[in-house]
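The structure appears right after this line, and notes come after that.
Residue numbers (my numbering), protein chains in the order written: chain A, 29 to 205; chain B, 3 to 413; chain C, 676 to 911.
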């Protein structure tokens, strides 16, 4: 291949090694970022715990809401059976992923009790979603069982909502009683 | 086929083919979380795609050349190859999301496992791209996609307060518990979902496939200026149904099953049957379009023969790209990745890639060498420039917003 | 697909055309309308004594890859060579002689079908050096030690009967984006914003006749001029 065009300045002796400069700059920026440890065991701040708890509780409420719709439409025979089961399964999947993501984060040192209370509530939400899926799939819902499921869902959603508000306003009081 | 029938078919196909998995997911998400407060953004996005689709269709009809062909010529090989990487990466992501969407839609009503469905759909998509006639593919899938009109029927049936909807849209009435950053993230997402980059490459290449000439400009404009906005109406319908049924229950859309729930509430099993056919047709059609689009872009950059208007052996490299793209998509989906997640990422990155796509079209549509007397007039240039500014803003904001708002989950 | 309706004007019948704007990176189509390749570079024949002419279209990775490197200093080109050390003529591109080119317009149309058409570039005849247009584009233009600008484009005079295009002048300017958009050549109407911005950026663009070039240093990428470039000839 023909010689690279080095240009006037290069011909006169100077040369910018911009590629090595760029590499050095990248190392300077990336190094501290990588070393500064967003490690798993590092406690988060109170506000980021609040945001994370708000998000995961919202996800649980959303999953329960979806389950509620699935139960009602299935009970009213307005939905193909397999669709309702898939809806309930998807709700378990989605909420489960959010909960796992929440559980691997380390809470602030002052909020261990609050974190445990939120964790408990999330466990209840998970198991209720599984109950819904089991009831839907086989042998199927009756008007009675559907009604009872909806009541349980509404009660738990209410509780999660109150917990969410408490997390936002005064996290230290959560789980204290 | 009389002219009227041809025009009507084109419009109906455009309506049915407008919605893809990105529109389904993002419109349902915004309806569920923001009500109709983002409706104006959707409408702006629809106008944008109309402006640029018309331009790219005009380029194809007047010059016989497709858009990506002209990107390398106008921007040079270096910018062209960067543009190629970015466009093909985003288009392939969308391709994977669409095939995943077909799989999700089919799994709503059957209990066949994903491991079996995904390869089957991938091979079916490839077979259609290999053998089916271009116009037959477009028309059949477009007409079946019209089943999504069931969203407008359902919305009517649900009887929301139209006054409330209108005031939410016009006043950008964001619900109190959401913040403006998340609102902006979804605005960018809706923009990216409506103005998908692959659409203009596909539309102009499709024009060359169907051998458009300047005589077809009228029909093309009818398809774009009537068909696309009506297709946009379907997007608004999806958002509206989600707003009525999902928003009161604070349901956040994260699965395709949730997107169809409002139909069950409004219309029961019959409605659900239609909506599932609609899902399959819309995503399958979009999978064909994105697959072809990736092939078009690569072949047009290197100057290879492309298109379904010649025998496969005459465009061997083009078809090889399609095969490789399909194998890639099947491979990625078999890892069990969530197609909805791929959809969300592909829509955000589509927003980032928008200026790369639209700037060359705007430049070429003004070139009298190609366009003759049909080069852009004042209206097209004004609208084009306005949207160019918008897409640059969206492109710059997309990734920071995605990171800050944790992909819309909340700040 | 007959393209005669879309023929547009044939630039080979004009007084001049610009290499980068009208020839490079164009789609090449054969006599039956089938797509052949893209114009990846142009073969420039150097007979010394400042007579330069374009004699062929260069195609293929050996022609395209060096154009992608730019300021990376030919890294991609060296990578291309390294990946194929065992192949003879790895650095030789494929070539289409100008004798098969029929029409230069929105695309480059050939007068023959495409089967078996692309062949490796043959070595140069004695006394002649074969160069690439991409090496000429972007060269620094120097007058008495001062850099006036870069070669943005090369104006060619088509000579159909001789199957070559003689280099007539160099378009010299500050080399900022938009030069390929044709706005600086008065070629294109456009969105007013973009056209105005590009015209402003390219207000220093001028035309340097080949007779006003003392030497072209291909090794170092320098064009030594004897006088400043004149105003740009925008006549069609």
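C-beta atoms are modelled at their ideal positions from N, C-alpha and C, and glycine is treated no differently.
Rounded to whole angstroms, what is the Cα-Cα separation between residue i and residue j?
{"i": "residue 685(C)", "j": "residue 65(B)", "result": "14 Å"}
{"i": "residue 1(B)", "j": "residue 732(C)", "result": "Because chain B is modelled from 3 through 413, residue 1(B) falls outside the range shown and cannot be assessed."}
{"i": "residue 181(A)", "j": "residue 251(B)", "result": "12 Å"}
{"i": "residue 654(C)", "j": "residue 840(C)", "result": "Lying before the first or after the last residue shown, residue 654(C) is absent from chain C, which here runs from 676 to 911."}
{"i": "residue 36(A)", "j": "residue 393(B)", "result": "Below a pLDDT of 50, predicted positions are generally treated as unreliable, and residue 36(A), at 43, falls in that range; no measurement from the model is reported."}
{"i": "residue 697(C)", "j": "residue 390(B)", "result": "26 Å"}
{"i": "residue 273(B)", "j": "residue 357(B)", "result": "39 Å"}
{"i": "residue 633(C)", "j": "residue 811(C)", "result": "The requested residue 633(C) is not part of the displayed model; chain C covers only 676 to 911."}
{"i": "residue 838(C)", "j": "residue 302(B)", "result": "27 Å"}
{"i": "residue 874(C)", "j": "residue 691(C)", "result": "22 Å"}
{"i": "residue 127(A)", "j": "residue 150(A)", "result": "7 Å"}
{"i": "residue 145(A)", "j": "residue 44(B)", "result": "41 Å"}
{"i": "residue 722(C)", "j": "residue 737(C)", "result": "23 Å"}
{"i": "residue 688(C)", "j": "residue 727(C)", "result": "20 Å"}
{"i": "residue 2(B)", "j": "residue 254(B)", "result": "In the structure as shown, chain B starts at 3 and stops at 413, and residue 2(B) therefore has no counterpart that could be examined."}
{"i": "residue 142(B)", "j": "residue 284(B)", "result": "11 Å"}
{"i": "residue 381(B)", "j": "residue 217(B)", "result": "21 Å"}
{"i": "residue 167(A)", "j": "residue 40(B)", "result": "42 Å"}
{"i": "residue 32(B)", "j": "residue 159(A)", "result": "29 Å"}
{"i": "residue 172(B)", "j": "residue 108(A)", "result": "37 Å"}
{"i": "residue 832(C)", "j": "residue 215(B)", "result": "32 Å"}
{"i": "residue 406(B)", "j": "residue 348(B)", "result": "17 Å"}
Grab me the residues of residue i's own chain with a C-beta within less than 7 Å of its C-beta, minus the 5 sequence neighbours each way, in chain order.
{"i": "residue 65(A)", "result": "Residue confidence for residue 65(A) is low, a pLDDT of 47 falling below 50, so the modelled location carries little weight; the figure read from the coordinates is stated next. Within the same chain, residue 65(A) has no close Cβ partners at all."}
{"i": "residue 73(A)", "result": "136"}
{"i": "residue 777(C)", "result": "784, 785, 786"}
{"i": "residue 159(B)", "result": "268, 269"}
{"i": "residue 834(C)", "result": "840, 841"}
{"i": "residue 409(B)", "result": "346"}
Residue i bridges to which residues according to DSSP?
{"i": "residue 244(B)", "result": "Paired residue(s): none; residue 244(B) is not in a bridge."}
{"i": "residue 840(C)", "result": "729(C), 833(C)"}
{"i": "residue 710(C)", "result": "704(C)"}
{"i": "residue 718(C)", "result": "731(C), 807(C)"}
{"i": "residue 175(A)", "result": "DSSP, once it has assigned bridges, lists no residue as partnering residue 175(A)."}
{"i": "residue 846(C)", "result": "828(C), 882(C)"}
{"i": "residue 693(C)", "result": "830(C)"}
{"i": "residue 895(C)", "result": "DSSP, once it has assigned bridges, lists no residue as partnering residue 895(C)."}
{"i": "residue 821(C)", "result": "818(C)"}
{"i": "residue 785(C)", "result": "776(C)"}
{"i": "residue 900(C)", "result": "888(C)"}
{"i": "residue 795(C)", "result": "769(C)"}
{"i": "residue 905(C)", "result": "882(C)"}
Using a Cβ-Cβ cut-off of 6 Å (strictly less than) and excluding sequence neighbours within five positions of residue i, which residues of its own chain qualify?
{"i": "residue 328(B)", "result": "124, 128"}
{"i": "residue 196(A)", "result": "none"}
{"i": "residue 57(B)", "result": "363, 367"}
{"i": "residue 396(B)", "result": "190, 193, 353"}
Going along chain D, which residues have a C-beta under 9 Å from residue i?
{"i": "residue 110(B)", "result": "Absent from the structure: chain D. Protein chains present are A, B and C."}
Please work out which residues of its chain come closer than 8 Å, Cβ to Cβ, to residue i, disregarding the five sequence neighbours upstream and downstream, and give them in chain order.
{"i": "residue 121(B)", "result": "332, 336"}
{"i": "residue 377(B)", "result": "367, 368, 369, 370"}
{"i": "residue 882(C)", "result": "830, 844, 845, 846, 847, 904, 905, 906, 907, 908"}
{"i": "residue 896(C)", "result": "810, 813, 814, 815"}
{"i": "residue 60(B)", "result": "219, 222, 367, 373, 376"}
{"i": "residue 817(C)", "result": "823, 897, 898, 899, 900"}
{"i": "residue 42(B)", "result": "171, 172, 174"}
Segment contact flag, the segment 119-139 of chain B with the segment 291-311 of chain B, C-beta cutoff 8 Å, min 3 pairs: A contact exists between the segment 119-139 of chain B and the segment 291-311 of chain B.
Three or more C-beta pairs below 8 Å linking the segment 106-126 of chain B and the segment 329-342 of chain B: yes
Given 8 Å, three or more beta-carbon pairs between the segment 172-186 of chain B and the segment 292-300 of chain B: The segment 172-186 of chain B is not in contact with the segment 292-300 of chain B.
4 or more residues per run - each alpha helix (DSSP H) lying fully within the segment 17-68 of chain B: Residue ranges of uninterrupted alpha helix (DSSP H) with 4 or more members, entirely inside the segment 17-68 of chain B and ordered along the chain, are 23-36, 41-65.
Beta strand (DSSP E) runs wholly inside the segment 73-130 of chain A, at least 3 long, in chain order: none
Three CB pairs or more closer than 8 Å across the segment 8-19 of chain B and the segment 280-288 of chain B: yes
Touch test, the segment 87-99 of chain B against the segment 226-234 of chain B, Cβ-Cβ under 8 Å, three pairs minimum: Taking 8 Å as the limit for Cβ pairs, the verdict is that the segment 226-234 of chain B does not touch the segment 87-99 of chain B.
Continuous alpha helix (DSSP H) assignments of at least 4 residues falling wholly in the segment 147-229 of chain B: 152-160, 164-172, 182-196, 199-211, 219-224
Touching by the beta-carbon criterion (3+ pairs, under 8 Å), the segment 100-114 of chain A and the segment 164-178 of chain A: yes
Within the segment 338-381 of chain B, ranges of the alpha helix (DSSP H) (whole runs, at least 4 residues): Counting only runs of 4+ residues, the alpha helix (DSSP H) found wholly inside the segment 338-381 of chain B occupies 341-366, 370-373, in chain order.
Complete alpha helix (DSSP H) runs within the segment 137-173 of chain A (minimum length 4 residues, chain order): Those alpha helix (DSSP H) runs which fall completely within the segment 137-173 of chain A and span 4+ residues are 140-165.
Given 8 Å, three or more beta-carbon pairs between the segment 786-806 of chain C and the segment 748-760 of chain C: Touching, no, given that fewer than three Cβ pairs across the two stretches are closer than 8 Å.
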